[in-house]
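Quick notes on the structure that follows.
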Amino acid sequence: MNSFISEALEALELSETERKLLWLLAGHSCKFVGVSWLKVASMAKTLEVSSKTIQRALKHLKELGIIKRVRTVRPVSGGFGASLTIICPIELSYREMAQELGSSTVEEQEKQKETFLFKAFKKDLKDLRHQGEIDFSYLVQFVPKEFIESVRPFVSAQEAFSLWGKVHVASKRYAPSVANIIDPAISAFKASVLAYKSNRIKKSFGAYFWGTIQSVLSVEQRKENALNILNWLD
Numbered sequence: 001m002n003s004f005i006s007e008a009l010e011a012l013e014l015s016e017t018e019r020k021l022l023w024l025l026a027g028h029s030c031k032f033v034g035v036s037w038l039k040v041a042s043m044a045k046t047l048e049v050s051s052k053t054i055q056r057a058l059k060h061l062k063e064l065g066i067i068k069r070v071r072t073v074r075p076v077s078g079g080f081g082a083s084l085t086i087i088c089p090i091e092l093s094y095r096e097m098a099q100e101l102g103s104s105t106v107e108e109q110e111k112q113k114e115t116f117l118f119k120a121f122k123k124d125l126k127d128l129r130h131q132g133e134i135d136f137s138y139l140v141q142f143v144p145k146e147f148i149e150s151v152r153p154f155v156s157a158q159e160a161f162s163l164w165g166k167v168h169v170a171s172k173r174y175a176p177s178v179a180n181i182i183d184p185a186i187s188a189f190k191a192s193v194l195a196y197k198s199n200r201i202k203k204s205f206g207a208y209f210w211g212t213i214q215s216v217l218s219v220e221q222r223k224e225n226a227l228n229i230l231n232w233l234d
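Letter 156 of the sequence shown, counting from 1, is numbered 156 in the UniProt record's numbering, and no numbers are missing.
Shown next as structure tokens:
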């Protein structure tokens with residue numbers, strides 16, 4: 001990862017703050033390759049700049065495709081927690097130089113840069129995949145403990161992560177006002193397992209779970225709406 005960043009910095013036009021920030025993120029990505037849990041405030045304090053400066057730098061790095069920002073989920077409430085930063089330089093753009101010069105030489109150089117970045121990232125992914133399948137300990141930062149314990153006897157860690165992702169999406173669409181989505185998610189999973197054991201699932205388990213979690217969260221949202229109306233009347 002360090003050698004990749006060194007070469008990537010040579011290929012990209014970044015500000016001094018953006019360069020320092022990229023090294024900072026890489027230095028705090030030891031537990032998982034390319035993944036940093038540093039908060040914006042911590043980044044700003046370490047680099048001795050304002051939080052707004054860090055946010056602008058993160059935005060630029062994100063636009064270049066070098067990083068992704070992913071919101072985590074609080075294990076207790078199921079709400080959003082701090083964002084984590086993933087170094088993933090896949091989609092890069094070099095429009096400025098190409099538009100100014102428009103020469104075939106420049107275009108060829110830019111293609112070489114993009115090829116280098118993509119190959120380097122693919123190598124990181126290949127090395128990571130060969131380290132073996134992940135276990136449930138990798139999910140504690142992303143998936144509530146109660147949900148993990150409920151699904152663990154039936155699915156793999158990757159499948160558990162995928163199922164919680166469905167819960168996450170469904171909650172934003174169908175239950176935006178519901179604070180606790182963990183219990184409904186567990187209920188939906190248990191109902192899906194029962195349906196699977198009873199041979200009532202015609203397509204896939206994931207598709208059935210998606211339909212179930214939609215229904216369960218929609219009910220929770222209606223309860224929340226009714227409660228809000230009663231509180232308003234009081």
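Glycine is no exception: its CB is placed at the ideal position from the N, C-alpha and C atoms.
Non-local C-beta neighbours of residue 138 in its own chain, meaning closer than 7 Å and more than five positions away in sequence, comprise 157, ordered along the chain. Remark: C-beta atoms of residue 217 and residue 160 do not approach each other more closely than 8 Å. Residue burial is scored here from C-beta neighbours: residue 184 has at least 16 other C-beta atoms within 10 angstroms and is therefore classed as buried.
The alpha carbon of residue 214 has as its nearest neighbour, out of 228, 175, 198, the alpha carbon of 175. Looking at the DSSP output, residue 66 bridges to nothing. Taking residue 60 as the centre and dropping the five residues before and after it, the same chain places the C-beta of 18 closer than 7 Å to its C-beta, in chain order. Sixteen is the threshold: when 16 or more other Cβ atoms of the shown chains lie within 10 Å of the Cβ of residue 220, as they do, the residue is buried. A residue is called buried when at least 16 other Cβ atoms come within 10 angstroms of its Cβ; residue 229 does not meet this threshold and is exposed. Linking residue 23 to residue 67 through their CA atoms gives a straight-line distance of about 12 Å. Per DSSP, reduced to three states, the secondary structure at residue 71 is strand.
Put simply, of 27, 44, 165, 208 the residue whose alpha carbon is nearest the alpha carbon of residue 87 is 27.
By the Cβ-count criterion, residue 188 is buried, with 16 or more other Cβ atoms from all chains shown falling within 10 Å of its own Cβ.
Between the beta-carbon of residue 36 and that of residue 44 there is about 14 Å, and that puts the pair past the 8 Å contact cut. With respect to the C-alpha of residue 192, the residue from 154, 144, 149 having the closest C-alpha is 154.
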